[in-house]
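As structure tokens, the structure follows; a few thoughts come after it.
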Amino acid sequence: MKSIITKLINGDTIEDISEEIQFTKEQLEEPASEITKRYKKQGLGQHVFDKSKDAPKKMTENSHEFDERGKHPRTFVKMPHYLRYYSYMVDYGVKDSAILMYQLIIDFYNASEGKSYPSQYVLALQSGKSIRNVVGTLKALKDVGLIEVRRTSIGSSNEYRPLTPLPPEELFTRYPQALKRLIKNHAMITEKRERDFKRREEKKKESKWE
Numbered sequence: 011m012k013s014i015i016t017k018l019i020n021g022d023t024i025e026d027i028s029e030e031i032q033f034t035k036e037q038l039e040e041p042a043s044e045i046t047k048r049y050k051k052q053g054l055g056q057h058v059f060d061k062s063k064d065a066p067k068k069m070t071e072n073s074h075e076f077d078e079r080g081k082h083p084r085t086f087v088k089m090p091h092y093l094r095y096y097s098y099m100v101d102y103g104v105k106d107s108a109i110l111m112y113q114l115i116i117d118f119y120n121a122s123e124g125k126s127y128p129s130q131y132v133l134a135l136q137s138g139k140s141i142r143n144v145v146g147t148l149k150a151l152k153d154v155g156l157i158e159v160r161r162t163s164i165g166s167s168n169e170y171r172p173l174t175p176l177p178p179e180e181l182f183t184r185y186p187q188a189l190k191r192l193i194k195n196h197a198m199i200t201e202k203r204e205r206d207f208k209r210r211e212e213k214k215k216e217s218k219w220e
């Protein structure tokens with residue numbers, strides 16, 4: 011089954027997967043939390059992801075830890091610190107999928123050539139989105155200045171350059187809808203924090219030393 015999944019991720023042509031992959035009603039209805047628990051009990055739970063530790067170099071003795079693309083489970087994409095604030099850019103078309111798409115562009119970045127050039131098919135397969143969604147998401151990233159795009163003669167294979175996210179002060183200055191969202195969210199969180207603090211103080215007064 012894993013070989014079929016690898017082919018699906020890579021976008022390889024598959025004649026017929028119905029013989030190798032079949033789903034039962036019980037499988038489809040099992041909650042994700044139960045699946046996770048089950049694998050954890052079998053000693054197959056995921057390890058803590060420590061970003062301070064780099065992925066090891068591929069050697070003969072640890073080659074089994076790498077997949078066919080040469081990726082190790084600890085391989086990670088560096089995320090610019092200020093990218094988190096772009097979650098406030100929903101009104102400008104930047105949804106959660108756009109943040110992931112930006113990370114994929116970074117992951118495919120070829121430093122020697124100064125660009126990324128994954129096809130829209132690859133981006134769709136690796137993000138779990140449709141081609142139409144990918145096209146819209148790339149446009150949103152370009153619109154807010156997170157990527158530059160150079161169109162090639164092949165429609166689905168453009169070239170991209172990831173750009174550094176703006177510091178929050180500059181971001182919210184430039185984009186008023188984002189600032190509006192920040193203000194609204196800040197007000198909601200502040201109100202909740204003050205309410206919780208007041209409750210804690212009241213409970214503290216009511217409680218007795220024992």
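Under our numbering, think of the first position of the sequence shown as 11, with each following residue one higher. The beta-carbon is built from N, C-alpha and C at its ideal position, and this holds for glycine as well. Note that this is a predicted model, so its numbers are computed, not measured.
Proximal residues to residue i (C-beta, below 8 Å), its chain only, five neighbours per side dropped
i, result
"glutamate 216", "none"
"threonine 200", "none"
From the options, residue whose alpha carbon lies closest to that of residue i
i, options, result
"alanine 134", "Lys125, Val144, Lys213 and Ser126", "Val144"
"tyrosine 102", "Ala188, Asp206 and Pro83", "Ala188"
"aspartate 153", "Val100, Thr70, Glu78 and Thr200", "Val100"
"alanine 108", "Thr147, Lys51, Lys50 and Thr46", "Thr147"
"glycine 138", "Ser122, Asp106, Glu123 and Lys149", "Asp106"
"serine 13", "Asn120, Arg142 and Asp77", "Asp77"
Sub-8 Å separation of residue i and residue j beta-carbons
i, j, result
"glycine 80", "lysine 67", "no"
"leucine 151", "tyrosine 112", "yes"
"leucine 173", "leucine 156", "yes"
"lysine 125", "arginine 171", "yes"
"histidine 82", "glutamate 71", "no"
Extent of the continuous beta strand (DSSP E) run through residue i
i, result
"tyrosine 170", "169 to 172"
"arginine 160", "157 to 160"
Neighbourhood of residue i by C-beta, 6 Å cutoff - its chain only, sequence neighbours within 5 removed
i, result
"isoleucine 193", "none"
"tyrosine 127", "Glu169"
"leucine 110", "Ser137"
"isoleucine 45", "none"
"arginine 191", "Tyr98"
Residue i CB to nearest heavy atom of the ligand ADP below 7 Å
i, result
"valine 144", "The ligand ADP is not part of this structure, which contains no ligands at all."
Element boundaries [alpha helix (DSSP H), containing residue i]
i, result
"glutamate 216", "186 to 216"
"glutamate 71", "Glutamate 71 -> no alpha helix (DSSP H), and no H or E assigned at all."
"valine 144", "141 to 153"
"aspartate 117", "106 to 117"
"glutamine 37", "35 to 39"
"glutamate 123", "Looking at the DSSP string, glutamate 123 is not in any alpha helix (DSSP H), and its letter there is neither H nor E."
"glutamine 8", "Here the chain covers residues 11 to 220 and nothing more, so residue 8 does not appear."
"glutamine 136", "130 to 137"
Cβ neighbours of residue i in the same chain (closer than 7 Å, five flanking residues each side left out)
i, result
"asparagine 168", "Val159, Arg160, Arg161 and Thr162"
"lysine 87", "According to the sequence shown, residue 87 is valine rather than lysine. Hits under 7 Å: Gln113, Ile116 and Asp117."
"valine 104", "Tyr96, Ala150 and Val154"
Practice task
Determine contact between the segment 85 to 100 and the segment 172 to 191, defined as no fewer than three beta-carbon pairs at a distance below 8 Å.
Solution key: Segment contact: the segment 85 to 100 against the segment 172 to 191, three or more CB-CB distances shorter than 8 Å; contact assigned.
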